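J.: Quick one: structure below, then a few questions.
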Amino acid sequence: MLATLMYLQKGIPFILNGEEIGMKNLEIPKIDKFEAPEAKGFYEKALALGYSKEHILRELNATSKDASRGVMQWDDTIFAGFSTNPPWSGVNQEADYHVAAQEADEKSILNYYRKLLNYKQTPLFTKGSFKLIETNDQLYCYERILGKKTALVCCNFTDQPVFFEDERFTEENFTVLLTNDFNSLEGKLGKLGPYGAAVLVFGTDEENEPHEENRISVF
């Protein structure tokens with residue numbers, strides 16, 4: 000959802016190593032395993048203020064750049080297929096969050112990112128104007144507009160279903176460009192599942208009118 004929200008807006012995408020497979024931060028168990036000098040300084044100051052070692056390590060694991068420096072997880076072999084020796088920056092080995100597991104899964108995070116970034120390179124999302132839509136605090140919606148085409152991007156920031164209404168759902172043809180799980184549409188009302196994201200495109204290029212089967216009413 001966050002990738003959809005960020006990368007289809009204007010601007011150049013910057014993707015942190017491992018983000019495209021949902022890789023988690025490292026969990027660094029001891030202060031001497033942190034490489035960043037500021038981590039050790041923070042640890043000493045926090046100890047002096049009376050915080051427990053466990054509390055300080057939780058804070059450092061949540062905020063230190065070291066926690067985001069785990070090597071890319073290519074497969075489930077030793078050191079996640081990154082090398083044959085222990086990487087200095089550490090490595091998580093997660094059963095589902097590595098490239099080899101996601102390559103073959105059409106609905107994986109990796110393959111969703113590939114689709115997303117392919118669309119990002121199309122004229123609608125490189126040259127189209129940007130319009131932020133007024134919503135409630137649960138939703139973030141915007142449009143990208145180029146000529147006769149308009150992309151509607153809607154994202155749900157909550158862990159509960161959220162509904163939104165748009166007259167165009169029943170009045171205009173559209174295609175569903177991207178959607179994650181548990182989203183649906185009934186009449187003028189769209190429903191985004193928990194952390195749902197959907198990208199709908201209204202209108203077409205004149206030289207590339209869609210066939211009737213591309214008119215999708217459920218996503």
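Residue 118 in numbering that gives the first Met the number 0 sits at position 119 of the sequence shown, with consecutive numbering throughout. Ideal Cβ placement from N, Cα and C applies to all residues, glycine included. This one's a predicted model, so the numbers in the text were calculated from it and none came from an experiment.
#1: Can you give me the Cβ contacts of E34 inside the same chain, cut-off strictly under 7 Å, excluding the 5 residues immediately before and after it?
#2: On the three-state DSSP scale, how would you describe T3?
#3: Under the rule that 16 or more other beta-carbon atoms within 10 Å means buried, what is F124, buried or exposed?
#4: Using C-beta distances below 7 Å, list every residue in its chain close to K39, excluding the 5 sequence neighbours before and after it, in chain order.
#5: What is the DSSP secondary structure of V198, counted as helix, strand or coil?
#6: For V90, I'd like the list of residues in its chain whose CB is within less than 6 Å of its CB, leaving aside the five on either flank, ordered along the chain.
#7: Tell me the residue span of the alpha helix (DSSP H) that contains T149.
#8: If you count every other CB in all the chains shown that lies within 10 Å of the CB of R57, and 16 or more means buried, which is it?
#9: Check for me: the alpha helix (DSSP H) holding I108 runs from which residue to which?
#10: Straight-line CA distance for T76 to C154?
#11: Can you tell me whether Q101 is buried or exposed, with buried defined as 16 or more other CB within 10 angstroms of its CB?
#12: For the segment 158-166 against the segment 177-195, do three or more pairs of beta-carbon atoms, one drawn from each stretch, fall closer than 8 Å, so that the two count as touching?
#13: Out of Y42, K52, L25, Y96, which has the shortest C-alpha to C-alpha gap to W87?
#14: Which residues bound the alpha helix (DSSP H) around G40?
#15: Between the Cα of L176 and those of N84, N117, S51, E170, spot the shortest distance and give me the residue it belongs to.
#16: Using a Cβ distance threshold of 8 Å, determine whether the segment 125-139 contacts the segment 98-114, with at least three qualifying pairs required.
#17: What does the Cβ neighbour count give for I27, buried or exposed, with the cut at 16 atoms within 10 Å?
#18: Name the two residues that bound the continuous alpha helix (DSSP H) containing R143.
#19: Whole angstroms are fine: how far does the CA of T169 sit from the CA of E212?
#20: Quick check: the Cα distance between K114 and A2, rounded to an integer number of angstroms?
#21: Is it buried or exposed, T149, if we count other Cβ atoms within 10 angstroms and call 16 or more buried?
#22: Would a C-beta distance cut-off of 8 Å place L4 and A197 closer than the cut-off?
#23: Spatial neighbours of V111 within its chain, please: C-beta separation below 8 Å, excluding the five flanking residues on both sides.
T.: For this structure:
#1: In the sequence shown, counting from the first residue as 1, residue 34 sits at position 35. Answer for E34: D65, listed in chain order.
#2: As a position in the sequence shown, residue 3 is number 4, starting the count at 1. T3: helix per DSSP, three-state reduction.
#3: The count along the sequence shown starts at 1 and reaches residue 124 at position 125. Per the 10 Å Cβ criterion, buried.
#4: As a first step, residue 39 is located in the sequence shown; it is residue number 40 there, counting from the start. Closer than 7 Å at the Cβ level, and outside the excluded window around K39, lie I30, F33.
#5: In the sequence shown, counting from the first residue as 1, residue 198 sits at position 199. V198 carries a strand assignment under DSSP once its states are collapsed to helix, strand and coil.
#6: Residue numbering aside, residue 90 sits at position 91 when the sequence shown is read from its first letter. Closer than 6 Å at Cβ, skipping near neighbours: G69, V70, F78, A79.
#7: As a first step, residue 149 is located in the sequence shown; it is residue number 150 there, counting from the start. No alpha helix (DSSP H) holds T149; the beta strand (DSSP E) holding it covers 148-155.
#8: As a position in the sequence shown, residue 57 is number 58, starting the count at 1. It counts as exposed.
#9: Translated into the one-based positions of the sequence shown, residue 108 becomes position 109. Looking at the DSSP string, the run of the alpha helix (DSSP H) that includes I108 is 108-119.
#10: As a working mapping, residue 76 is identified with position 77 in the sequence shown. As a working mapping, residue 154 is identified with position 155 in the sequence shown. Taking the straight line joining both Cα atoms gives about 36 Å.
#11: Your numbering for residue 101 matches position 102 in the sequence shown. With a threshold of 16 other beta carbon atoms within 10 Å, Q101 meets it and is buried.
#12: yes
#13: Reading the sequence shown from its first residue, position 88 is the one you call residue 87. Among Y42, K52, L25, Y96, the Cα nearest to that of W87 belongs to L25.
#14: Counted from its first residue, the sequence shown places residue 40 at position 41. Where G40 is concerned, the enclosing alpha helix (DSSP H) stretches over 36-47.
#15: As a working note, residue 176 is residue 177 in the sequence shown. Ranking the options by Cα distance to L176, first place goes to N117.
#16: no
#17: Along the sequence shown, one-based indexing puts residue 27 at 28. I27 is buried by the Cβ-count criterion.
#18: Working through the sequence shown from its first residue, we reach residue 143 at position 144. Premise fails: R143 lies in the beta strand (DSSP E), 138-145, not in any alpha helix (DSSP H).
#19: Along the sequence shown, one-based indexing puts residue 212 at 213. Along the sequence shown, one-based indexing puts residue 169 at 170. Caution is warranted here: a pLDDT of 37 is assigned to E212, below 50, making its placement in the model unreliable, and no coordinate value can be reported.
#20: Locating residue 114 in the sequence shown gives position 115, where the first residue counts as 1. Locating residue 2 in the sequence shown gives position 3, where the first residue counts as 1. In a straight line, the C-alpha of K114 is about 11 Å away from that of A2.
#21: For the purposes of this step, residue 149 is taken as the residue at position 150 of the sequence shown. Under this definition T149 is a buried residue.
#22: The sequence position of residue 4 within the sequence shown is 5, counting from 1. The sequence position of residue 197 within the sequence shown is 198, counting from 1. No. Outside cutoff.
#23: Here the question's residue 111 lines up with position 112 in the sequence shown. The residue you asked about is not Val; residue 111 is Tyr in the sequence shown. Here Y111 has A2, L177, N179 as same chain residues with Cβ atoms under 8 Å from its own Cβ, once five neighbours each way along the sequence are excluded.
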